[in-house]
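These notes are about the structure you will find just below.
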Amino acid sequence: MMTKIVKRGYCLKDEIEFGSQWKDRLNRAGEELYYLLNRGYKLNPSSTFIGNHYMLSERQRLALVRMIASKKQLEIRIEKELSPAELPKRVVVDGFNTIISLEVALSDSLIIKGMDGTIRDLAGLRGTYRIIDKTTQAVQLIFQALEELNISEAVFYLDQPVSNSGRLKSLIIEIAKNYNLSIEVEVIYDVDRVLEKMEGVISSDAVILDKCISWFNLNGWITDRYVQQAWVYEMNASLFENKYL
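According to our numbering, the sequence shown holds residues 1 to 245 in order.
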């Protein structure tokens with residue numbers, strides 16, 4: 001029986017809405033959102049105002065929200081970001097956050113690179129998840145990267161309310177048998193609140209990055225090395241990140 005091929009996070013309109021004809025408009029929108037955030041305006045109303053002004057789609061607005069951060073937020077995240085040499089032997093992994101973005105990248109669907117360098121997706125599963133043909137490869141890439149980074153122990157945290165979290169736990173544990181790693185998987189409520197207090201966090205969740213003790217950009221590390229064909233949309237933030245401060 002053939003495995004069904006699923007393109008996680010794929011949207012046909014992305015090829016247009018994140019293509020060359022929208023590039024300048026999205027850059028201007030990003031610049032204006034950055035300006036407002038640096039003056040204390042809230043993210044959601046600001047992105048709504050700018051999205052309406054530039055007539056952006058819902059996915060374009062979501063991309064802006066996930067790419068742009070204030071100068072203060074970026075400074076906080078950079079200060080806490082670990083280099084490979086600084087990684088502890090034990091890390092904690094935001095499971096769904098990390099795996100889903102890799103599934104999207106492996107599906108050749110759009111992923112975005114934030115101003116903080118992290119890789120995020122627009123999949124928007126909202127509590128629903130199912131294992132697809134890319135899931136095993138995504139988990140394997142995580143384990144391969146952890147071994148290359150000399151990590152000896154990793155604890156994956158999965159959100160209990162998300163569908164099929166138990167099945168994903170079983171898959172992670174099964175795949176881990178092929179690697180020289182000590183792996184634990186915890187299925188709990190409110191993963192974000194737990195990770196916000198920890199060090200050696202692997203996540204691209206902006207709220208977690210702002211609050212945790214330290215973090216590592218694993219998905220950025222993986223896509224740069226193992227998924228170089230990934231469709232990564234990156235805003236030309238260098239044009240505006242030093243303006244209007």
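A virtual CB, placed ideally from N, CA and C, is assigned to each residue, including glycine.
All values derive from a computational prediction rather than experimental measurement.
#1: Taking C-alpha atoms, which residue in GLY200, ASN44, GLN228, LYS134 lies nearest to ALA85?
#2: Quick one: Cα of LYS13 to Cα of VAL139, how far?
#3: Use the C-beta contact count for MET55: other C-beta atoms within 10 angstroms, 16 or more gives buried, fewer gives exposed.
#4: According to DSSP, is ALA154 part of a helix, a strand, or is it coil?
#5: Measuring only between beta-carbons, confirm whether GLY30 sits less than 8 Å from chain D.
#6: Pull up the CB-CB distance for GLU148 and LEU181, whole angstroms please, since I reckon it's below 8 Å.
#7: How far does the alpha helix (DSSP H) with ARG25 in it extend, from its first residue to its last?
#8: Span of the alpha helix (DSSP H) holding ILE100?
#9: Roughly how far, in whole angstroms, is the beta-carbon of ARG8 from the beta-carbon of SER163, given that I think they are within contact range, below 8 Å?
#10: In whole angstroms, what is the alpha-carbon distance linking LYS113 and GLN160?
#11: Provide the residue(s) that pair with GLU186 in DSSP beta bridges, ordered along the chain.
#12: In the region 107-147, which residue ranges form an unbroken alpha helix (DSSP H) of at least 4 residues, counting only runs that do not cross its ends?
#13: Under 8 Å, do ASP205 and TYR157 count as touching if we go by C-beta distance?
Inspection of the coordinates gives the following:
#1: The count along the sequence shown starts at 1 and reaches residue 85 at position 85. The shortest C-alpha separation from ALA85 is found at GLY200.
#2: The sequence position of residue 13 within the sequence shown is 13, counting from 1. The sequence position of residue 139 within the sequence shown is 139, counting from 1. Here the C-alpha atom of LYS13 lies approximately 28 Å from the C-alpha atom of VAL139.
#3: Within the sequence shown, the letter at position 55 stands for residue 55. Exposed, because fewer than 16 other Cβ atoms sit within 10 Å of the Cβ of MET55.
#4: Mapped onto the sequence shown, residue 154 falls at position 154. DSSP places ALA154 in strand when its eight states are reduced to three.
#5: As a matter of chain content, chain D is missing from the structure shown, which is built from one protein chain.
#6: Here residue 148 refers to the residue found at position 148 when the sequence shown is read from its first residue. Here residue 181 refers to the residue found at position 181 when the sequence shown is read from its first residue. GLU148 to LEU181, Cβ: 11 Å. No contact.
#7: Taking the first residue of the sequence shown as position 1, residue 25 is located at position 25. Per DSSP, ARG25 belongs to the alpha helix (DSSP H) from 20-37.
#8: Along the sequence shown, one-based indexing puts residue 100 at 100. That run of the alpha helix (DSSP H) goes 95-106.
#9: In the sequence shown, residue 8 corresponds to position 8, counting from 1. In the sequence shown, residue 163 corresponds to position 163, counting from 1. The C-beta separation of ARG8 from SER163 comes to about 15 Å, leaving the pair out of contact by the 8 Å criterion.
#10: Looking up residue 113 in the sequence shown gives position 113. Looking up residue 160 in the sequence shown gives position 160. Straight-line Cα distance between these residues: approximately 27 Å.
#11: If you number the sequence shown from 1, residue 186 lands on position 186. Looking at the DSSP assignment, GLU186 forms a beta bridge with TYR157.
#12: Within the region 107-147, complete alpha helix (DSSP H) segments of at least 4 residues are not found at all.
#13: Within the sequence shown, numbered from 1, the residue matching residue 205 stands at position 205. Within the sequence shown, numbered from 1, the residue matching residue 157 stands at position 157. Cβ atoms of ASP205 and TYR157: not closer than 8 Å.
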